[in-house]
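A short write-up of the structure that comes next.
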Amino acid sequence: MNVHTVTLEMNGTEFSLETGRMARQAGGSVFVGMGDTRALVTATADKQPSDRDFLPLFVEYRNKTYAAGKIPGGFFKREARPSERETLSCRLIDRPLRPMFPDGYRHATDVVSFIVSSDDDYHADVLSITGASCALNLSDIPFTEYVSGVRVAETEGELVVNPSFDQLSESNMDLVVAGTDDIICMIEGSCLEINEDTLLDAIDFAHGWIRKLNAMQRELVAKAGAKEKFAIAVPQLDEAKFAAVRDFASAELEAAVRTAAKLERQDALAALQQKVGEQFADENGTPDPVALAAFAKLEKQIMRAMVVKEGVRADGRDLTTVRPITIDLGVLPRAHGSALFTRGETQSLGTVTLGTKMDEQKIDALEGEWWNNYYLHYNFPPFSVGETGRYSGTGRREIGHGKLGERAIKPVLPTHEDFPYTIRIVSDILESNGSSSMATVCSGCLALLQAGVPITKSVAGVAMGLIKEGDDVAVLTDILGVEDHLGDMDFKVTGTRDGITAFQMDTKIGGITREIMTRALADARNARNHILDVMDAVISEPAPELCAYAPKIVTIQIPPKKIGELIGPGGKVIKKLQEETETNIEINDEGMVFVSAPDQAKGDECIARIRLMMTEPEIGAVYTGRVVSIVDFGAFVEYLPGKEGLLHISELEHFRVGNVEDVLTLNENVEVKLVEVDGRTGKVRLSRKALLPVPEGM
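Under our numbering, think of the first position of the sequence shown as 1149, with each following residue one higher.
Now the structure itself:
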């Protein structure tokens, strides 16, 4: 067994890459470590190409519960389907690797990362990006680029690479960057309203570490030796055929590409493609695939040249104009908050639902368990792009777009102490022609304002694009779907007027300099402020009151030592209080009580009764209590909610009472005075006669 290892000092601990010990029958395998966190990453591919016309790359990322010394829950006690966090990690690995495969590669390829040890200090997702690239380079797969990923945080004014969880919790940014030695091909993250220069500095800092990790990969591959790469059949474009297609179709294609409406443009292109297929068909009428490939290349060339040379886009806009925006608030009468945001041919229906503590989402991760009281869900039905399809589970893309929107809005939400609701935002994409995730941010923010959620500022988002032909560069604002598909960059930026809150970038080419990034971020800021102007003109402040259909939540702080008193034996006291006030009560370990009620009056009543329950018995105080039981020697009276005292038979009247029931009946309200609290037992003695006038002659 030939085991090879390379190491690097990183953030005060050791980063390591190892191969030759595990998973030796995989195409390539790497054991990645930082601290005590370990990921086993493998890459394997079929030797025969598939008949699909796209790269069949499948990335799997799984947290093994034994990595943290845990046993899975559930009946079967096995790891179940991937969690949302695992799905997001799959996307982090997939996005920087996919563009690096050679053109024409059509072999089914699996990249799998198992997290097999977790030390609660370091994220394994970025380790897996580097491990996946190294495994691919060690394998027989014709993948020859070196890609690494790092996470960047800022603590105490200093940038930190691959921060610990503690360092990340104190940071104003969480930035994941992946790239080769020459290019940054992916950025993902969130921040607390940082400026553009701070973001660019963090990217430059990350790129320096990426180059070091790429050098590590090369060193390991040189030590271990890469397998011989299998050959792939790369289709060569027939220049003569391309010229023939260009001569036949270019004039009509120029007109079709300039069709402003998406569906009309698609129909025109499809009709012209069919015409090309018929023109260049064989004797059996089968379209020549080389001619169809030439048509696709020609379409791309014409669209890109139109943008770069003329500064004109498919829908007729210039490079910096945002599509027309319309906003409709309160479109759903029963939703707690709703907004329909339409930008060009992209439309998002954003809704807000306010819930209680019972609606919080439990997160069970390797590093621990916690509860989320805010989440955003993004749905992309096929009809939004005029297609049919299955309406089954949530896809990876939907999860990723939802998380981007969630991160974008989170910095402006009120604290849970100030607004003790669980917040769920849903974005249903009803139409799509690019930038649907950014429309989600806008509709979600508007729905929050309409719902009366006291957010600190409005947030908007815009997707930027890039087309680069030689030295000619065009940065595009608010990109269309076709510009995303045929362009070189998709850079989504969200924020307030004061700074950036979230971002996501994927690039397909090199040569994207800091100057180009600076320009893209500046244009994004201008577009964002324009969108915020439109949003503010419709609604700029939260509604003064919550929706009538939203639950009413009120809070009260009680001493932690009195939590048991509020709950009562077997929950008797709290159950009774909930039943009588028609409320739901939740208590945290610090003594914060959350009362959710169908209306404000019932919530206030419950709080008032809890406040009374927390009141310390005061000798000499007068209370109106309720007779809860009658015994031979007196009655027990609940003088405060959950608190009872003895009203002895001798304290009923100034004269002798032979039978308690001659004076009191069960459940009767009676005014009593607290006359004694036993210092040893805490038992309370009450008197009724102390409040009665003394009869004459006594």
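Glycine included, C-beta positions come from ideal geometry on N, C-alpha and C.
In the DSSP output, what is T1642 paired with across the bridge?
Taking the sequence shown and counting its residues from 1, the one referred to as residue 1642 is at position 494. Answer is G1609 and A1650.
Whose CA, out of A1191, Q1726, H1802 and V1775, lies closest to the CA of A1374?
One-based indexing of the sequence shown puts residue 1374 at position 226. Among A1191, Q1726, H1802 and V1775, the Cα nearest to that of A1374 belongs to A1191.
Can you say whether S1237 is buried or exposed, counting buried as having 16 or more other CB atoms within 10 angstroms of its CB?
Position 89 of the sequence shown holds residue 1237. The residue in question, S1237, is buried, as its Cβ has 16 or more Cβ neighbours within 10 Å.
M1334 and D1654 - do their beta-carbons sit closer together than 8 Å?
Taking the sequence shown and counting its residues from 1, one reaches residue 1654 at position 506. Taking the sequence shown and counting its residues from 1, one reaches residue 1334 at position 186. Closer than 8 Å, so yes.
Which class does S1688 belong to by DSSP, given the choice of helix, strand or coil?
Position 540 of the sequence shown holds residue 1688. Here S1688 sits in coil by DSSP.
For E1738 and chain D, any beta-carbon pair shorter than 8 Å?
The structure shown contains no chain D; it holds only a single protein chain.
By how many angstroms is the C-alpha of L1348 removed from the C-alpha of G1647?
Looking up residue 1647 in the sequence shown gives position 499. Looking up residue 1348 in the sequence shown gives position 200. About 13 Å.
Given S1266, which residues of its chain have a CB within under 6 Å of its CB, disregarding the five upstream and five downstream residues?
As a working mapping, residue 1266 is identified with position 118 in the sequence shown. So the qualifying residues of the chain are T1185, A1215, A1216 and L1514.
Using three-state DSSP, classify A1923 as helix, strand or coil.
Past the boundaries of the shown model lies residue 1923; the chain is included only from 1149 to 1846, so the question cannot be answered.
Per the contact definition of three or more C-beta pairs closer than 8 Å, is the segment 1584-1592 in contact with the segment 1520-1528?
Verdict: yes, contact present.
Among G1337, Q1414, S1312 and E1447, which one has its Cα closest to the Cα of V1324?
Counted from its first residue, the sequence shown places residue 1324 at position 176. Out of G1337, Q1414, S1312 and E1447, G1337 has the C-alpha closest to the C-alpha of V1324.
Using three-state DSSP, classify M1182 as helix, strand or coil.
Counting from 1 along the sequence shown, the entry for residue 1182 is found at position 34. Strand.
Give me the residue from Y1270, P1220, T1328 and S1164 with the minimum Cα distance to G1658.
Along the sequence shown, one-based indexing puts residue 1658 at 510. Considering only alpha carbons, the answer is T1328.
Please give me, in chain order, every unbroken run of the beta strand (DSSP E) with length at least 3 that falls completely inside the segment 1728-1782.
Counting whole runs of 3 or more residues, the segment 1728-1782 contains the beta strand (DSSP E) stretches 1732-1735, 1740-1745 and 1770-1779.
Between M1612, A1608, M1665 and D1345, which lies nearest to V1682 when the distance is taken from Cα to Cα?
As a first step, residue 1682 is located in the sequence shown; it is residue number 534 there, counting from the start. Selected option, being the one with the closest Cα: A1608.
Looking only at C-alpha atoms, which of D1201, L1502 and S1540 sits nearest to Y1569?
The count along the sequence shown starts at 1 and reaches residue 1569 at position 421. Minimum Cα distance to Y1569 is reached at L1502.
Please classify K1551 as buried or exposed, where buried requires at least 16 other C-beta atoms within 10 Å of its C-beta.
Within the sequence shown, numbered from 1, the residue matching residue 1551 stands at position 403. Per the 10 Å Cβ criterion, buried.
Does the Cβ-Cβ distance between L1286 and L1467 come in under 8 Å?
Taking the first residue of the sequence shown as 1, we reach residue 1286 at position 138. Taking the first residue of the sequence shown as 1, we reach residue 1467 at position 319. No; because the gap between Cβ atoms is not below 8 Å, this pair is not in contact.
How many whole angstroms separate the CB atoms of L1245 and A1193, which I take to be in contact at a CB cut-off of 8 Å?
Locating residue 1245 in the sequence shown gives position 97, where the first residue counts as 1. Locating residue 1193 in the sequence shown gives position 45, where the first residue counts as 1. Contact flag wrong, Cβ pair sits at about 13 Å.
Identify the continuous alpha helix (DSSP H) that holds E1426 and give its terminal residues.
For the purposes of this step, residue 1426 is identified with residue 278 of the sequence shown, where counting begins at 1. Here the alpha helix (DSSP H) through E1426 covers K1410 to Q1427.
What are the complete beta strand (DSSP E) segments, minimum 3 residues, inside the segment 1664-1730?
If we require 3 residues or more, the beta strand (DSSP E) runs fully inside the segment 1664-1730 come out as 1700-1705.
Please report the straight-line C-alpha distance between K1837 and G1830, rounded to a whole angstrom.
For the purposes of this step, residue 1837 is taken as the residue at position 689 of the sequence shown. For the purposes of this step, residue 1830 is taken as the residue at position 682 of the sequence shown. Computed Cα separation, rounded: 22 Å.
With the cut-off set at 8 Å, would you say L1361 and T1292 are in Cβ contact?
Position 213 of the sequence shown, counted from the start, is the residue given in the question as residue 1361. Position 144 of the sequence shown, counted from the start, is the residue given in the question as residue 1292. Result no, Cβ atoms of L1361 and T1292 do not sit closer than 8 Å.
Spatial neighbours of G1548 within its chain, please: C-beta separation below 7 Å, excluding the five flanking residues on both sides.
For the purposes of this step, residue 1548 is taken as the residue at position 400 of the sequence shown. Result list for G1548: L1236 and R1239, in chain order.
Whose C-beta lies closer than 6 Å to the C-beta of A1611 among residues of the same chain, with five residues either side of it excluded?
Residue numbering aside, residue 1611 sits at position 463 when the sequence shown is read from its first letter. Here the set comprises S1583, M1586, I1627 and K1640.
Does DSSP put D1835 in a helix, a strand or coil?
What you label residue 1835 is simply residue 687 of the sequence shown in a count that begins at 1. Rather than Asp, the amino acid found at residue 1835 in this sequence is Ser. If DSSP states are grouped into helix, strand and coil, S1835 belongs with the strands.
Can you tell me which of D1737, E1157, A1370 and D1386 puts its alpha carbon nearest to the alpha carbon of V1151?
On the sequence shown, residue 1151 is found 3 positions in, with the first residue counted as 1. Residue A1370 is the option with its Cα nearest to V1151.
Return the chain-ordered list of same chain residues with a C-beta closer than 7 Å to the C-beta of G1643, the five sequence neighbours on each side being excluded.
Locating residue 1643 in the sequence shown gives position 495, counting from the first residue. Same-chain partners within the cutoff: E1341, V1607, T1649 and R1676.
Sort out for me which residues DSSP pairs E1824 with in a bridge.
The residue labelled residue 1824 in the question sits at position 676 within the sequence shown. E1824 pairs with R1833.
Among K1710, L1800 and I1450, which has the Cα closest to the Cα of L1760?
As a working mapping, residue 1760 is identified with position 612 in the sequence shown. Checked all of K1710, L1800 and I1450; the closest Cα to L1760 is K1710.
P1290 to F1202, Cα distance in whole Å?
Taking the sequence shown and counting its residues from 1, one reaches residue 1290 at position 142. Taking the sequence shown and counting its residues from 1, one reaches residue 1202 at position 54. If I take the Cα positions, the gap works out to 16 Å.
For P1699, count the other beta carbons within 10 Å of its own beta carbon; 16 or more makes it buried, fewer makes it exposed. Which is it?
Reading the sequence shown from its first residue, position 551 is the one you call residue 1699. Burial call: buried.
Nearest CA to the CA of G1534: which residue from E1579, E1689, E1546 and V1189?
Along the sequence shown, read from residue 1 onward, the residue named residue 1534 stands at position 386. The shortest Cα separation from G1534 among E1579, E1689, E1546 and V1189 belongs to E1579.
Answer yes or no: do L1316 and A1301 have a C-beta to C-beta separation smaller than 8 Å?
What you label residue 1316 is simply residue 168 of the sequence shown in a count that begins at 1. What you label residue 1301 is simply residue 153 of the sequence shown in a count that begins at 1. A contact, by the Cβ cut-off of 8 Å.
From the DSSP output, in three-state form, read off E1799 for me.
Along the sequence shown, read from residue 1 onward, the residue named residue 1799 stands at position 651. Here E1799 sits in helix by DSSP.
Can you give me the start and stop residues for the beta strand (DSSP E) that Q1315 sits inside?
As a working mapping, residue 1315 is identified with position 167 in the sequence shown. Counting along the chain, Q1315 falls outside any beta strand (DSSP E), though it belongs to the alpha helix (DSSP H) covering F1313 to S1317.
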